[in-house]
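Residue numbers (the working numbering), protein chains in the order written: chain W, 1 to 158; chain S, 1001 to 1085.
Every residue gets a Cβ at the ideal spot worked out from N, C-alpha and C, and that includes glycine.
Please read these numbers as outputs of a predicted model, since none were measured by experiment.
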Amino acid sequence: MSVSVQREDFDVGRELAVLRAGDPRVGAVAAFVGTVRDVNAVGAGPERVVSLELEHYPGMTEAALEEIEHQAHARWGLIGTRIIHRFGALAPADQIVFVGVTAAHRGDAFAACEFIMDYLKTRAPFWKRETTPAGPRWVEGRESDETAAARWDQQGES
Amino acid sequence: MRLRILYFAALRERLGRAEEDVEVPAEVASIGALRVWLGQRGPEFASAFAPDRLVRAALNQRMVGPDAALSGGAEVAFFPPVTGG
């Protein structure tokens, strides 16, 4: 299990190689990369995103991502996980987040990868501030993110 | 009791401060009570913490609900719904 919260960009190929570590128990490797789009639809119509600033809560971000990782390992049969989330100034097409999961089988790997992203979107303390031609504005959470996270909820859990 | 309060993102901008140390009376014993207490400090706080505003909270760096109990020396953070990923 490994979590990094950093300004610097990451190399997906390198991260997957480190995650797999030549472990012959691994039969499935699932990965997700989140990237910055240049258009975000808000209210009346789409606005062009010139740049993105990611704010975070130092200390809590790492703890929140580690907690999500722990939950994923508790719920599925996993071998390894790696989460990287950037903060700071980003541009369209830049990488924001990486989630990598290894398991014996693809069912666990796919499910855990999606779970980690859905929980991260609603529980990790980051906030996006877009700069558009009209000026800066804070991105608002999507109801679809809450719905996506809720479908993983179990009895007596939050 | 003394609390350290952090504010993030749009909430920080609205209140004009990123962090502060406060002394709250003993009856302000929960996150929900603290939110009400903060709302009484002035117009920008009243607006920021109005009941219809979505404000999330963390206590000692863990996300909590309004019933979470406060203790002296705790770090509390208030922020809008998160938008990472």
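From the options, residue whose alpha carbon lies closest to that of residue i
{"i": "Phe10 (chain W)", "options": "W:Ile83, W:Arg75, W:Glu47", "result": "W:Ile83"}
{"i": "Lys121 (chain W)", "options": "W:Ser144, W:His105, W:Gly107", "result": "W:Ser144"}
{"i": "Trp76 (chain W)", "options": "W:Gln154, W:Arg14, W:Asp108", "result": "W:Asp108"}
{"i": "Met1001 (chain S)", "options": "S:Arg1012, S:Pro1025, S:Glu1020, S:Pro1051", "result": "S:Pro1025"}
{"i": "Arg1004 (chain S)", "options": "S:Asp1067, S:Gln1061, S:Gly1065, S:Pro1066", "result": "S:Gln1061"}
{"i": "Thr1083 (chain S)", "options": "W:Pro58, W:Trp152, W:Ala74, W:Gly141", "result": "W:Gly141"}
{"i": "Glu1075 (chain S)", "options": "S:Pro1081, S:Ala1018, S:Ser1047", "result": "S:Ala1018"}
{"i": "Glu67 (chain W)", "options": "W:His105, W:Met1, W:Thr147", "result": "W:Met1"}
{"i": "Gln154 (chain W)", "options": "W:Ala63, W:Ala104, W:Pro133, W:Ala74", "result": "W:Ala74"}
{"i": "Leu1006 (chain S)", "options": "W:Glu47, W:Met60, W:Ala17", "result": "W:Met60"}
{"i": "Arg1035 (chain S)", "options": "S:Ala1050, S:Arg1012, S:Pro1043, S:Glu1013", "result": "S:Ala1050"}
{"i": "Pro133 (chain W)", "options": "W:Pro24, W:Thr35, W:Asn40, W:Glu15", "result": "W:Asn40"}
{"i": "Pro1043 (chain S)", "options": "S:Ala1068, S:Gly1016, S:Ser1030", "result": "S:Gly1016"}
{"i": "Pro58 (chain W)", "options": "S:Asp1021, S:Ile1031, S:Ala1077", "result": "S:Ala1077"}
{"i": "Val36 (chain W)", "options": "W:Phe110, W:Thr131, W:Gly13", "result": "W:Thr131"}
Expected contact under 8 Å - CB spacing of residue i and residue j to nearest Å
{"i": "Met1063 (chain S)", "j": "Arg1053 (chain S)", "result": "About 17 Å; that fails the 8 Å criterion."}
{"i": "Glu55 (chain W)", "j": "Val3 (chain W)", "result": "At roughly 18 Å, the Cβ-Cβ gap does not stay under 8 Å, so Glu55 (chain W) and Val3 (chain W) are not in contact."}
{"i": "Leu1059 (chain S)", "j": "Val1028 (chain S)", "result": "With a Cβ gap of about 13 Å, Leu1059 (chain S) and Val1028 (chain S) do not count as contacting."}
{"i": "Gly1085 (chain S)", "j": "Val49 (chain W)", "result": "Going by Cβ atoms, the distance from Gly1085 (chain S) to Val49 (chain W) rounds to 15 Å, so no, they are not a contact pair."}
{"i": "Ala1033 (chain S)", "j": "Pro1080 (chain S)", "result": "Not a contact, Cβ separation roughly 21 Å."}
{"i": "Ala89 (chain W)", "j": "Ser51 (chain W)", "result": "6 Å"}
{"i": "Trp138 (chain W)", "j": "Phe1008 (chain S)", "result": "Trp138 (chain W) to Phe1008 (chain S), Cβ: 10 Å. No contact."}
Close Cβ partners of residue i (< 6 Å) along its chain, the five nearest in sequence each way excluded
{"i": "Pro160 (chain W)", "result": "Since the first and last residues shown for chain W are 1 and 158, residue 160 (chain W) lies out of range."}
{"i": "Cys113 (chain W)", "result": "Ala30, Phe32, Val99, Val101"}
{"i": "Glu53 (chain W)", "result": "Ala89, Arg129"}
{"i": "Ala44 (chain W)", "result": "With a pLDDT of 49 at Ala44 (chain W), under the threshold of 50, the modelled position of this residue cannot be trusted; read the value that follows with caution. So no residue of the chain qualifies."}
Neighbourhood of residue i by C-beta, 7 Å cutoff - its chain only, sequence neighbours within 5 removed
{"i": "Ala72 (chain W)", "result": "Leu78, Thr81, Ala112, Phe115, Ile116"}
{"i": "Arg20 (chain W)", "result": "Val26, Val29, Thr102"}
{"i": "Glu62 (chain W)", "result": "Val3, Val5"}
{"i": "Asp38 (chain W)", "result": "Arg48, Val49, Pro92"}
{"i": "Gly34 (chain W)", "result": "Ile96, Val97"}
{"i": "Ala1048 (chain S)", "result": "Leu1011, Arg1014, Leu1015"}
{"i": "His105 (chain W)", "result": "Gly27, Ala28"}
{"i": "Gly1073 (chain S)", "result": "Arg1002"}
Contact set for residue i: own chain, Cβ-Cβ below 8 Å, skip 5 residues either direction
{"i": "Leu165 (chain W)", "result": "The structure shown does not extend to residue 165 (chain W), since chain W is modelled only from 1 to 158, so the question has no answer here."}
{"i": "Arg7 (chain W)", "result": "Arg86, Phe87, Gly88"}
DSSP-derived helix/strand/coil call for residue i
{"i": "Ala148 (chain W)", "result": "helix"}
{"i": "Ala44 (chain W)", "result": "Its pLDDT being 49, under 50, Ala44 (chain W) is placed unreliably by the model, and the measurement read from it follows with that caveat. Three-state DSSP puts Ala44 (chain W) in coil, outside helix and strand."}
{"i": "Val33 (chain W)", "result": "strand"}
{"i": "Phe984 (chain S)", "result": "Because chain S spans 1001 through 1085 in this model, residue 984 (chain S) falls outside it and cannot be assessed."}
{"i": "Arg25 (chain W)", "result": "coil"}
{"i": "Leu1070 (chain S)", "result": "coil"}
{"i": "Glu1023 (chain S)", "result": "strand"}
{"i": "Glu162 (chain W)", "result": "This structure does not reach residue 162 (chain W), given that chain W is present from 1 up to 158, and the question cannot be answered."}
{"i": "Gly1084 (chain S)", "result": "coil"}
{"i": "Glu130 (chain W)", "result": "strand"}
{"i": "Glu1075 (chain S)", "result": "strand"}
{"i": "Leu1054 (chain S)", "result": "coil"}
{"i": "Ile1005 (chain S)", "result": "strand"}
{"i": "Gly135 (chain W)", "result": "strand"}
{"i": "Gln6 (chain W)", "result": "strand"}
{"i": "Gly1065 (chain S)", "result": "coil"}
{"i": "Ala1018 (chain S)", "result": "coil"}
{"i": "Val39 (chain W)", "result": "strand"}
Terminal residues of the alpha helix (DSSP H) in which residue i lies
{"i": "Tyr119 (chain W)", "result": "106–123"}
{"i": "Arg14 (chain W)", "result": "12–20"}
{"i": "Leu1034 (chain S)", "result": "1031–1039"}
{"i": "Glu1013 (chain S)", "result": "1009–1015"}
Host beta strand (DSSP E) of residue i (start-end)
{"i": "Met60 (chain W)", "result": "Looking at the DSSP string, Met60 (chain W) is not in any beta strand (DSSP E); the run it does join, the alpha helix (DSSP H), is 60–75."}
{"i": "Gly100 (chain W)", "result": "95–103"}
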